[in-house]
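**Student:** Protein chains in written order, with this note's numbering: chain A, 376 to 719; chain B, 376 to 719; chain C, 376 to 719; chain D, 376 to 719. For glycine and all other residues, C-beta sits at the position ideal for the given N, C-alpha and C.
Protein chains: 4
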Amino acid sequence: MLRFESDYLEGAHPSIIKKLAETNFEQTPGYGLDPHCEAAAALIKKECGAVNVNVHFLVGGTQANTTVIASILKAHQGVLSSDAGHIAAHESGAIEATGHKVLTLPHKNGKITGRQIFDYCTAHYADPSFEHTVQPGMVYISNSTEYGTVYTKAELTDISAACREHGLYLFMDGARLGYALSSPGSDLTLQDIAELCDVFYIGGTKVGALFGEAIVISNPAIHRDFRYHIKQHGGMLAKGRLLGIQFEALFETGLYWEISKRAVDLAQKLKKAFQEKGYGFYCDSPSNQQFVIMPDEHLKVLSEKYTFNVMEKAGDGTTVARFCTSWATSEEAVEALIHDIEKL
Amino acid sequence: MLRFESDYLEGAHPSIIKKLAETNFEQTPGYGLDPHCEAAAALIKKECGAVNVNVHFLVGGTQANTTVIASILKAHQGVLSSDAGHIAAHESGAIEATGHKVLTLPHKNGKITGRQIFDYCTAHYADPSFEHTVQPGMVYISNSTEYGTVYTKAELTDISAACREHGLYLFMDGARLGYALSSPGSDLTLQDIAELCDVFYIGGTKVGALFGEAIVISNPAIHRDFRYHIKQHGGMLAKGRLLGIQFEALFETGLYWEISKRAVDLAQKLKKAFQEKGYGFYCDSPSNQQFVIMPDEHLKVLSEKYTFNVMEKAGDGTTVARFCTSWATSEEAVEALIHDIEKL
Amino acid sequence: MLRFESDYLEGAHPSIIKKLAETNFEQTPGYGLDPHCEAAAALIKKECGAVNVNVHFLVGGTQANTTVIASILKAHQGVLSSDAGHIAAHESGAIEATGHKVLTLPHKNGKITGRQIFDYCTAHYADPSFEHTVQPGMVYISNSTEYGTVYTKAELTDISAACREHGLYLFMDGARLGYALSSPGSDLTLQDIAELCDVFYIGGTKVGALFGEAIVISNPAIHRDFRYHIKQHGGMLAKGRLLGIQFEALFETGLYWEISKRAVDLAQKLKKAFQEKGYGFYCDSPSNQQFVIMPDEHLKVLSEKYTFNVMEKAGDGTTVARFCTSWATSEEAVEALIHDIEKL
Amino acid sequence: MLRFESDYLEGAHPSIIKKLAETNFEQTPGYGLDPHCEAAAALIKKECGAVNVNVHFLVGGTQANTTVIASILKAHQGVLSSDAGHIAAHESGAIEATGHKVLTLPHKNGKITGRQIFDYCTAHYADPSFEHTVQPGMVYISNSTEYGTVYTKAELTDISAACREHGLYLFMDGARLGYALSSPGSDLTLQDIAELCDVFYIGGTKVGALFGEAIVISNPAIHRDFRYHIKQHGGMLAKGRLLGIQFEALFETGLYWEISKRAVDLAQKLKKAFQEKGYGFYCDSPSNQQFVIMPDEHLKVLSEKYTFNVMEKAGDGTTVARFCTSWATSEEAVEALIHDIEKL
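(1) Give, in chain order, every residue of the region 450-464 of chain B whose Cβ lies closer than 9 Å to some Cβ of chain D.
(2) Less than 8 Å between the C-beta atoms of residue 724/D and residue 566/D, yes or no?
(3) Of all the residues that make up the region 396-414 of chain D, which are near chain C by a beta-carbon distance shorter than 9 Å?
(4) Buried or exposed: which applies to residue 452/A, given that a residue is buried once 16 or more other Cβ atoms fall within 10 Å of its Cβ?
(5) Are there three or more Cβ pairs, one per stretch, closer than 8 Å when the region 425-435 of chain A is compared with the region 592-600 of chain A?
(6) Run the proximity test for residue 671/C: is its beta-carbon closer than 7 Å to any non-hydrogen atom belonging to the ligand ADP?
(7) With burial defined as no fewer than 16 other Cβ atoms inside 10 Å of the residue's Cβ, what is the status of residue 501/A: buried or exposed?
(8) Rank 695/B, 642/B, 564/B by C-alpha distance to the C-alpha of residue 703/B and give the top, closest one.
(9) Apart from the five residues on each side of it in sequence, which residues of its chain come closer than 8 Å, Cβ to Cβ, to residue 508/D?
(10) Among 510/A, 474/A, 506/A, which residue has its Cα nearest to the Cα of residue 495/A?
(11) Can you pull out the residues from the region 689-706 of chain A whose beta carbon lies closer than 8 Å to at least one beta carbon of chain C?
(12) How should residue 725/A be labelled, buried or exposed, when 16 other C-beta atoms within 10 angstroms of its C-beta is the threshold for buried?
(13) Skipping 5 residues on each side, what residues in its chain have a beta carbon closer than 7 Å to that of residue 674/D?
(14) Out of 717/D, 617/D, 532/D, 411/D, state which residue places its alpha-carbon closest to the alpha-carbon of residue 547/D.
(15) Would you mind telling me which residues of chain C sit closer than 7 Å to residue 392/D, beta carbon to beta carbon, in chain order?
(16) Between which two residues does the beta strand (DSSP E) carrying residue 697/D extend?
(17) Curious, which full-length alpha helix (DSSP H) runs of at least 4 residues does the region 599-643 of chain C contain?
(18) Could you please give the first and the last residue of the uninterrupted beta strand (DSSP E) stretch that includes residue 687/B?
(19) How is the alpha helix (DSSP H) around residue 568/C delimited, first residue to last?
(20) Under the assumption that residue 492/D contacts residue 534/D (Cβ atoms under 8 Å), give the Cβ distance between them as a whole number of angstroms.
(21) Just to confirm the assignment, what range does the alpha helix (DSSP H) spanning residue 535/B have?
(22) Kindly indicate the opening and closing residues of the beta strand (DSSP E) around residue 515/D.
(23) In chain B, what lies closer than 8 Å to residue 617/A by C-beta?
(24) Can you have a look at residue 400/D and say buried or exposed, based on whether 16 or more other CB atoms are within 10 angstroms of its CB?
(25) Identify each residue in the region 592-604 of chain B for which the Cβ-Cβ distance to at least one residue of chain C is less than 7 Å, and report them in chain order.
(26) Just to confirm the assignment, what range does the beta strand (DSSP E) spanning residue 589/D have?
(27) Figure out for me which residue from 489/A, 582/A, 564/A, 523/A has the closest Cα to the Cα of residue 540/A.
(28) When we look at the beta-carbon of residue 688/D and count the other beta-carbons within 10 Å, is it buried (16 or more) or exposed?
(29) For residue 670/C, report the span of its beta strand (DSSP E) as first-last.
(30) Quick one: what's got a C-beta closer than 8 Å to residue 391/D's C-beta in the same chain, skipping five residues either side?
(31) Residues bridged to residue 452/D by DSSP?
(32) Along the region 470-491 of chain A, what residues have a CB closer than 9 Å to any CB found in chain C?
(33) Which of helix, strand or coil does DSSP assign to residue 715/C?
(34) What residues of chain B sit near residue 662/A, judged by a beta carbon separation below 8 Å?
(35) Output the distance between the C-alpha atoms of residue 632/C and residue 709/C, rounded to the nearest integer angstrom.
(36) Taking the straight line between their C-alpha atoms, what separation do you get for residue 549/A and residue 542/A?
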């Protein structure tokens, strides 16, 4: 069985395993205060072209989202998110468990716009009973989105402007940031993101690491006391260096970008094969996730040799299915799948 | 510099690194539903001599404590703990962040007793305003404790009886359970613990793993829906197999017990050296942490070659210092330290 | 200016003021443990035809909703509600502040159905990732609803059955329960409600009292420990008797039903006047709130002499406006308004 | 039976009942935005000698404490309190339910000092693992305290200075503020308190009102958005004017001070009687609560005609008992009690 259902099916890029083995008997202080975390943070700062960002390493996405959001919002505030946003739909109420409502905006292909944010806030304050509803305190977006789409620099600039106009912090979930920025649809750089967002993260779990997300904070108002929040949310790994070591491996020679690009290229190859076969798509994704609409009987045939995600029925005996590539996807697996698509 | 300040200074036992490398390119489902987690759970069930326990794997101690406690308590309940308990003192308010008060009992050498629990509950319900105070809902103990002491079977039986008498769940934090059960002071088995506690965990982070704690639930009332709580608290690792693989390595050939015993033996050797030098101890610890009371000038001399934890002043120019051994401590390092103690 | 914008514009029915004055110098124990609360609870039990319900008195609606919901849900659970439900929209995130997500179902004229609840739960457990989403733990409905509509016995029976099928508790917000049950559209009795719901409340604030809601708990599993929750949520009034005294006045001679019926009759008179003038309605309300669709210029004329609630634009230069009657609305005020409607 | 067990045994001062009756049929907007709340706020501002304070009215003490504390603290912060503080001991975990730890300091006669606060914070930041513990974010004191003692201007100035030194907000629970400031032991004015604290409240429930606490915010950083928090915690009374009307009655002619002084005078008379009989006291209270240490058999005799609070055993067959006077205590009741004390 060749698996395409997600981008976290394997362990880590071999250079990470190698580095973990090499450093295994070093003795270091705990809780992220070791030389590897320091070195990895320096590498990421450099990538951001900004000496003024601060970098922290957390184990996973839910934890990163919860810690950042809970550290920013005041008790009466909520977080604006696309209704397809991971925090709105797929984290077992983790945000609400910290006391905050997720305020949803209808997404279009996974994305929301500066205009939606601006209008929501304007309507909030125009309501004479505004104090009886939750105050929007920040915005959460993901890039790439849950549908594989990516934000352009113009779109992100609009969102950032709407946030600043209404006093909202802007947070980008970058669980798949490598795949987003390596995509032909993106004109953003890490430096742009550091300038336009208050905080974001660079995902490792889905992009070559065993686990780990690098949180980059560019607004100093958020940074003060952030380590208390990491500890409170169970994110302060005793052997914090495990995160530092992995991000060192990913960024000391550009490995992160190299493997991201490779995965996106493979996904685009796959996309082309689906297109040539005449299938439609849930939306046009330029990154490593493809949401293709296929006849149920074709999916049934493919499911004998491949795994993928069944998303939802799409009418007329068709279904939306998600196929992902990742840093670990082999050329051969993609070729095999394309070959079988052509035969359908 | 030779480090004795904690038991989480290095990476993992080499057999774990090896197993991670070997399994690296396997493709498995995520979130703890893979064959490695299944195999590791089966090994642990067997160790517990009980087919009826359920096993889940979390990344770290704060997360394990928070997830278990928040999954058990109702909104008006608190958790009873020694005032030295990790949840009372050293988790940045993680328990309170889930809405629950930590109700403290004065510890003796890190331990609390069944009698203290019984008396607390009796006094609670005897107060005519009991509904104006927090209802005790469960008990948290750690074994070995924050002071290296261990519970005997008689003590744990008493605690368990007090809990059942008053309808409290009993939870044992076993971050250092390997060191506790391998200690000459312990007459407990995993099976005893599974019978006397409702839930406990077997710590990996401090006992040979890169990270990871295996939660063992013997009370089915707690088990139902537990995975929702894991997800909500950010504990559902995308590549959950990383935890399964590590606990397989620790339990398939008895490695966990072997390395625990070795660390305890080294610590007892160290203890003897301190004793022979005439130093006192904060308390008599039979496990891998030693809390010795030394003249400040002696500590200063040792600090040139060794790291350790300075706990608190102990009067007359002396200080309590913590020295830890671990699965990774070398015979040579202990010999060097003993040699330098003798010279003081 | 004659005010029709809400049903909480005045103080209390004069017999309540009188009783407060008469009892003013009695000395009673605090916190709801006094003879007036006891007597009022007995009256309400009798109305419910059920000796097995338990009654508690809280100050207001947000507090009643929050206390009940937080006392029932476990940490991983959410509450299902109409998307127009007060808890979903108008309580400043009070439910989320206790850690729980409000799971919304699209309302029809303010109501939801047993079928919607059943389907939501079925879909939840059919999702292979169900543990990554919030588990539905209870259902919240309001009667009358935020749009003045009322549940029939058949509808409530369906909802109750769906809840029991899926293990959900059923909670009815009865802030306007007097107006609902006195409405020509209702075939429900308090006894039916006590049998079909696990918990509900009888609103006083909007139905004759200065303030106060009587919570009726018919499921004993919810009742145990409920007073802890009242205290925790700031609902345990030191002079709890103030609530008991008011509900005694409302229920010792049937005053509650008498004033409710009177208010509903006045509202229906008003409704008839709007209908005869040819206006449409947002929905057909048989209770004390009328949501009429009127040309903006007509509303402007009325606003010179009357207050009402502007809800939303309804197209073609019209607007939805809410007019409420209450226990305190005078015959004369309604006649004056009808007279002015006819002149429009 | 004559009752001395608390200061909330009766309804309200008759002038309040009268004013409620007189205003009963006024139609006013809800939620604290009515002319009575406005007028009462203006009266209190004037009493504070400060145009820059803001005033809000809440129903009760637990609600006031919870709302203020939850509105101020960030997620990683706790509130420093005396270990006898109401929030530490008697609110069913209300503060923890909002996610925050109550950090306790040992009290002396109910009070804490600026030095204790200063030292706590200094120790917190001196701990190399300070981020693993809860950050102190504010200080809670009560005046008069739970033991009837009162803070002097010098003591409050010290506390205020310690708070400002360490960036903590200072909050005074004034549930019994009338009795505190009317006591011979107090040299504080409302104006002093407004200057030295960031926020405090003037208790109505125990000082002449049916219910109600007037929150006075002198630090504008706390005031912004405060009404959202009131709503979220169920404190926004639909008929908010009920609070405004009561505080108008209490402050338009100095009634609050008059009835407070009278209650304190009666309590001091009682104290003198206890002293002359030779009884000791738990502490020297200059306000309306007296904590006297009496032989158990004497208490038994008194309990036939009087109610009082049994606090704790005091050794040698004696017990600490609390006797309270209030705005409603009659001269005759006190004379009767004194007479019976003399006979013991």
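**Tutor:** Checking against the coordinates, here is how it stands:
(1) 450, 451, 452, 453, 464
(2) One cannot answer for residue 724/D here, as it falls past the ends of chain D, which runs 376 to 719.
(3) 396, 398, 399, 400, 401, 402, 403, 404, 405
(4) buried
(5) yes
(6) The ligand ADP is not part of the structure shown, which contains no ligands of any sort.
(7) exposed
(8) 642/B
(9) 499, 502
(10) 510/A
(11) none
(12) There is no way to answer for residue 725/A, as the model of chain A reaches only from 376 to 719.
(13) 694, 696
(14) 532/D
(15) 395, 396, 399
(16) 693-699
(17) 601-607, 616-626
(18) 684-690
(19) 565-571
(20) 6 Å
(21) 528-540
(22) 510-517
(23) 386, 585, 586
(24) exposed
(25) 600, 602, 603, 604
(26) 588-592
(27) 489/A
(28) exposed
(29) 664-670
(30) 583, 584, 585, 620, 621, 624, 625
(31) 510/D
(32) 470, 471, 472, 473, 474, 475, 476, 477
(33) helix
(34) Chain B residues near residue 662/A: none, gap ~18 Å exceeds 8 Å.
(35) 20 Å
(36) 22 Å
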